[in-house]
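Chains as they are written, first to last, in the UniProt record's numbering: chain A, 1 to 545; chain B, 1 to 112; chain C, 1 to 503.
Positions of the beta carbon are idealized from the N, C-alpha and C atoms, including for glycine.
Some notes on the structure that comes next.
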């Protein structure tokens, strides 16, 4: 094994190793303070091991494969950075609270899955990593133990399980399509075009990954879960965990899926506007951010879809770049909400509000921000014609939504007295560090990743880049003025419809229970036994004739 | 060898009677008796089979007879066990049937 | 077809050991019974491993002709891959249950002998002997006797506490199992009449698709299905398994039903004409699918923890029946996969369900009740149990990595590969419903305990501080999960001796 292969293994092995160390008391006690260390090997892997040779363990039987291509490495690096900052933040935020250790355990499990999806290169380990990032997130969401958190956790868990089911079926079909015993993703994708079940596979995968990425109408868990979780968990949920869906789509959509590209683009754009529409009626800044995540993931998927439909070269990298910016910026803004809730004093509040405003405008594509570069990166995909116009309109919507967020953030007042002292300097450092990363890293990475010269972006089409921001700002003023007249959308909008479905499920359950109780009567069971004999005999006799 | 059909038919009739009793009779004791009828029918059929095997080889086939003896022992043990459990049940609860509906059964109640 | 192979004496030992231990324990009585049982079950686990190793190394079934008499006149003991796997599963679960029973079924200090513990250890040994006979037997009539022994031993274990409710439910179990036995016996009569032998290896490939044979197959299948509590013949299982003491529930749910399953496999894959079997297999699988869905839905609505676990058994048994159409249809590779999936499901369910019943028993013991709505505080009182329950639940749901996942994945992919995707939907739907009821229990037990008005000293809380039994439950759950970590190729064992499998 080479050094880069060791790094691949360490990227998700480090959190698992920490987890194993927790079997002993001493590491367990110190664990919350060590969370920020766990993602660092992954960060190193992202920097040093990209496009290295894949690692295949036990090629004869297990065929456990790890690999890291450039787009995955970019996302892995961004995600690892956010996990590290949020880990430090979590230590400061939860401090000595009683549940801090339990939280740290859930944190590590979810972290290992969140990093694992970027390096896993065979179906089984990808599925494992995806399950690890989906299901244990429940523990992060319900940390506060409130009924609201519990409900959010349950909805998330149920949807996550449904997503897992879709993926499991998709992977089963995919694995079946591979002629040999290999389960490598690359082999599976190569075999997919000839498979008779191709559209079913792609449909199942889009459903499973789309659910994680928050595509309408499967987005309902985001606006429930992200506000209910503690701040650092919200940051990784919204920044890092939803990216498991994006990497899944990037990895598994076959390059020839032009037909699905259009579908994805339509879904993505619908999601982008849906998120804005629901988000502007929210008061809780975390809910606004969650809807912004829905909207931004919509744009990401739309870019991917258009890239597939038009067969634009370099789509994977462009989409990864857009998503990586979202990791950093959205993670940072969630941290800001937590900082805003503890920092008093006008001057210190500027430290929260000013960078938040810059990041917020970045989501609309304000020239000079990292967000503008992210928008420029997906220009080849979303540049022209109707998609371009819709993308610009969604940028306007994003500006509106994010300015609404900034206003709601400014309205948050620090609570008078908190039961547990919070280590404010750590929180502040984590927030400002992430904000700086979101602003500057796109500038540093734009050229090395082969997307072009970042200064060209600044000079080109200034008017085209500015009008969505200005229009969004005007709309934001209007919203601040007359927004009170808008109808309120409950968190998790479409979820209100499931009440009826729940009633139906209850009725079915009751009917089955009644039927089962009837079947338990002795004579009925006896008759069933005789009927089984006759049925078996009859079927076999008919087949023998 | 004209006995075989008679024994066969009697065996079949016993099986039918036994099954009917086991499924329909409510009282435990009747169920146990029905089980014995059923068993007797099956053993009779074993006898028929032994006789038929015997015609080919001269004398009766010994293997089914050994099976019948083993089966009788098993059926006897089962009857004894069932009677003991039924007696204990009657002593403790006063019940003589095993239908789920009569009498409270803490372990067997459904969801509220 | 050779009557005896080298290593065949291992099989005799595996059968004789528990029988001898039971007889000696019966004579010596009291504390000696407990010690003997632990020693014998420990040795039994060792023997089961030796048998598995011998089968794996030979790549062919082991056989032993009792008394040197070859079938059809004599009786054969045989151990192929299925036998070895199930023997090992049973030995490990029994050993775990025995270790668990050391706290609950110890002879009280100061007494030379107490009735209930003495009976527990003797009947545990009897059960072990009956299971060994059921897995090793090569003769259909012999297997009938083994199944009866198994029913009697299980019944005695279940009635040990002498609670009023137990007698009724166990009597239902006994009588329904007896109907099943007689139907099975009726089938053997017809088979003997047709072929003059009941030896499985001799019958294999010989059976004709004529009416008596098919009627025999139908009767025997239905009888075994009744003993396995295949939906809708499950009336006896939930109260019988839920009412028994935890150690008994664990072996009843985990192992006893599996003996009938192995016999059913012998019948369907060795004795029956393949064409007829393939035609009727979807019927069995349809009932299995109904069991999965109805059992899980009803489990979801139970108010009592032990009943929930018992209904979960009804559902999980359904998965075993899904393997029939998959292993009988399709090409050799798919058949091998479905076969492995079925056996692995039987094995991982045995571990997981034993763990679940033991954990449920300890939780009920700690709280003084097993109402799911009031499980709050269990997570604090018996944390290891709750973890064990959760891990076992993961395996039952089929969340990777776990033995249950591997089993269901194999069945799922076989279903897809043979174009019978509807079974795949059932597998997945059952997994989701399973997740629902496991979640109900876990969420309930992790909430804070209900606030009582009584002063803390009076609270009926939790004496179950002894860690040993909790750790046993956890170990079983870990084995069930750990089965999923083994690479598939290491399960070559269960293919040994399968008809139609590549040697």
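For residue 23/B, the chain A residues whose Cβ falls inside 9 Å of its Cβ are 522, 523, 525, 526, 527, 529 and 530, in order along the chain. Put simply, the CB of residue 509/A is near chain C, with a gap under 7 Å to one of its CB atoms.
Counting along the chain, the unbroken alpha helix (DSSP H) around residue 252/A starts and ends at 243–252. Along the segment 123–136 of chain A, going in chain order, the ones with a CB nearer than 9 Å to a CB of chain C are 124, 127, 128, 131 and 135. Within the segment 265–325 of chain A, the alpha helix (DSSP H) runs of at least 4 residues that lie entirely inside it are, in chain order, 285–310. For residue 4/B, same chain residues with a beta-carbon under 8 Å away, outside a window of 5 residues either side, are 48, 51 and 52 in chain order.
By the criterion of a C-beta distance shorter than 7 Å, residue 281/C is surrounded in its chain by 324, 325 and 328, once the five residues flanking it on both sides are discounted. Between residue 178/C and chain A, the shortest Cβ-Cβ separation is not below 7 Å.
Residue 411/C is a Cβ neighbour of residue 322/C, given a cutoff of 7 Å.
In its chain, beyond the 5 residues on either side, 388, 392, 473, 476, 477 and 480 have a beta carbon closer than 7 Å to the beta carbon of residue 355/C. By the 16-neighbour rule on beta-carbons within 10 angstroms, residue 369/C is exposed. Separation of the CB atoms of residue 240/C and residue 134/C is rounded to 19 Å, and the pair is thereby denied contact status at 8 Å.
In summary, residue 224/A is buried, with 16 or more beta-carbon neighbours lying within 10 Å of its beta-carbon over all protein chains present.
With fewer than 16 other beta carbons inside 10 angstroms of its own, residue 112/C counts as exposed. Taking the beta carbon of residue 192/C as reference, the chain B residues within 7 Å of it are 49 and 64, listed in sequence order. Look at residue 231/C here: in three-state DSSP terms it is coil, with no helix or strand label. In this structure, DSSP gives residue 5/C a state outside helix and strand, which the three-state scheme calls coil.
Given a length threshold of 4 residues, each whole run of the alpha helix (DSSP H) inside the segment 498–538 of chain A is given here in chain order: 498–519.
Sorting 269/C, 168/C, 289/C and 250/C by C-alpha distance to the C-alpha of residue 97/B places 168/C at the top. Where residue 65/A is concerned, the enclosing beta strand (DSSP E) starts and stops at 64–66. One Cα belongs to residue 390/A, the other to residue 269/A, and the distance between them is close to 7 Å. For residue 164/C, the nearest CB of chain B lies under 7 Å from its own CB, placing it at the interface with that chain.
Contact check for residue 38/A and residue 87/A: beta-carbon distance about 7 Å, within the 8 Å limit, so the pair qualifies. The beta carbon of residue 540/A falls within 7 Å of a beta carbon belonging to chain C, placing the residue at that interface. By the rule that beta-carbons nearer than 7 Å mark a contact, residue 66/C does not touch chain B. If the five residues before and after residue 45/A are omitted, its C-beta is found closer than 6 Å to the C-beta atoms of 7, 8 and 11, all from its own chain and listed in chain order.
Here residue 464/A is exposed, its C-beta having fewer than 16 other C-beta atoms within 10 Å.
In the same chain as residue 307/C, and ignoring 5 residues on each side of it, the C-beta atoms closer than 7 Å to its own belong to 238 and 242, in chain order. Taking 7 Å as the cut-off, the Cβ atoms of residue 18/B and residue 45/B do not count as close.
A check of alpha carbon separations from residue 142/C across 101/C, 395/C and 189/C identifies 189/C as the nearest. In this chain, the alpha helix (DSSP H) harbouring residue 188/A covers 185–191. The beta carbon of residue 148/C sits closer than 7 Å to some beta carbon of chain B. With respect to the 7 Å criterion, residue 404/A and residue 479/A are classified as neighbours on the basis of their beta carbons. According to the DSSP assignment, residue 56/A belongs to no alpha helix (DSSP H) but to the beta strand (DSSP E) extending over 55–57. Around residue 32/B, the same chain offers 79, 82, 83 and 86 as residues with beta carbons nearer than 8 Å, after the five sequence neighbours per side are excluded. The segment 75–92 of chain C makes no contact with the segment 105–120 of chain C, as fewer than three CB pairs between them are under 8 Å.
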